[in-house]
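Heads up: the sequence shown begins at 3 in the numbering used here, then just goes up one per residue.
C-beta atoms are modelled at their ideal positions from N, C-alpha and C, and glycine is treated no differently.
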Amino acid sequence: MPSVMEAPPSGRVSSHAYYGPLDAPHWRPTGGRLAGGASWNHAGRGPVIYSACVPDAPLLRESQMRAVARYSLLAVALAIIAVTAVASAGANAALIGSKQEQQIGAQAAAQIESRYGLYTNPSWNRYVQAMGRRIAAQSPRHDIAWHFKILNTGDVNAVSLPGGYIYVFRGLLNFVGRDQGMLAGVIAHEVGHVSAHHQTKMMEREFWTNAALSLLTHGRTQQLASMFSNIYDLHFSRKDEYQADELGVKYASRAGYDPYGLARFLQKLEARYGNGPSGIASYLATHPSNSARVQRVRAYAAQYAR
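Here's what the structure looks like:
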């Protein structure tokens, strides 16, 4: 049974809340992998023409066999052409559009909600949704519909999916308590990932790794969605995490929340759970954390606190 949490904070939002010195202990870099943990499998089977599995079924005629060979060669050629064309167009060429991104996100969201369940307390959901919408309004991503929900798990974590699906964990709400700045900083960080298209870039990297198989395989949307079904296998690059930090601090500050909230959250997280693998929080397992990162976040906050 989930623990009983006190009611969410209410009243006016202050951007001048006390944020004391960050005397963070020595932090251990956890490393950031380039989507190395996110795994998804292709069936690897192209269209197959075969005779019916019944006695005395006629063998494929030579002309049919040649047609199958031509089809397979054409599919591989198209895959090579697609990879070459986009590679020559530059790193900014988008393979996954906004509509498909939202379709993939919706499928991934359904998988995650089925696996972890939702925390349905009305007061907390209204609180998180109002905060999320306020922060997302600062993002340039007006091409998607944002969703903010609470997963019913005691871990201290948050996750963002393609298409604007943001989840905070029940354990995160217990951890930050009544500190609006901390929660806003974490939510804004996840909004930053979506705003910078980090999820779609992750999917596109996987696509190019398996481009030929992808062209020959049906159900690519479902396969891409499955990348995000295990949230503990998701790892953005350190560069992406730093960018999400900066965007998160900017969005939180512009929405009226304490810009130092994210830095304060990271300090409290490390102080509470320590550096040891047995005590590390799930957030640190899916996000890089070290003293250099905190100093970066503080520098961003100082910039936007003016």
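Whole-Å CB distance - residue i paired with residue j, under 8 Å assumed
i	j	result
L249	A198	6 Å
H259	G183	In the sequence on display, residue 259 carries Tyr and not His. Rounded, the Cβ-Cβ distance is 5 Å, consistent with contact.
M205	I98	6 Å
H200	D242	5 Å
S125	P10	6 Å
G156	L264	So it is not a contact: roughly 21 Å between Cβ atoms.
F238	H191	No, F238 and H191 are not in contact; Cβ-Cβ is about 11 Å, not under 8 Å.
P261	A303	4 Å
Check whether residue i and residue j have beta carbons under 8 Å apart
i	j	result
R180	A257	no
I152	L175	yes
N154	L185	no
V178	V251	no
F150	A160	no
Inter-residue spacing [alpha-carbon to alpha-carbon] between residue i and residue j
i	j	result
Y118	A108	15 Å
G173	R207	32 Å
R253	Y306	Residue identity differs from the one stated: residue 253 is Tyr in this sequence, not Arg. Approximately 10 Å, taken between the alpha carbons.
D145	Q131	18 Å
Q104	V193	14 Å
G278	E272	Confidence in G278 is poor, its pLDDT being 45 and thus under 50, which makes the residue's placement unreliable; the coordinate value appears in the next sentence. Going from the Cα of G278 to the Cα of E272 covers about 10 Å.
I168	A138	10 Å
A110	S116	10 Å
M133	Q245	21 Å
V296	K203	25 Å
S141	W148	11 Å
R128	R308	30 Å
A301	A112	37 Å
Q102	K270	38 Å
N292	R143	29 Å
F267	V158	11 Å
R240	Y275	21 Å
N123	S100	31 Å
S255	I106	30 Å
Exercise. Can you list, in chain order, the stretches of the alpha helix (DSSP H) that have 4 or more residues and sit fully within the region 127-188?
Worked result: 172-178
Problem set entry | Start-end ranges of the alpha helix (DSSP H) lying completely within the region 238-278, minimum 4 residues | 240-256 and 263-275
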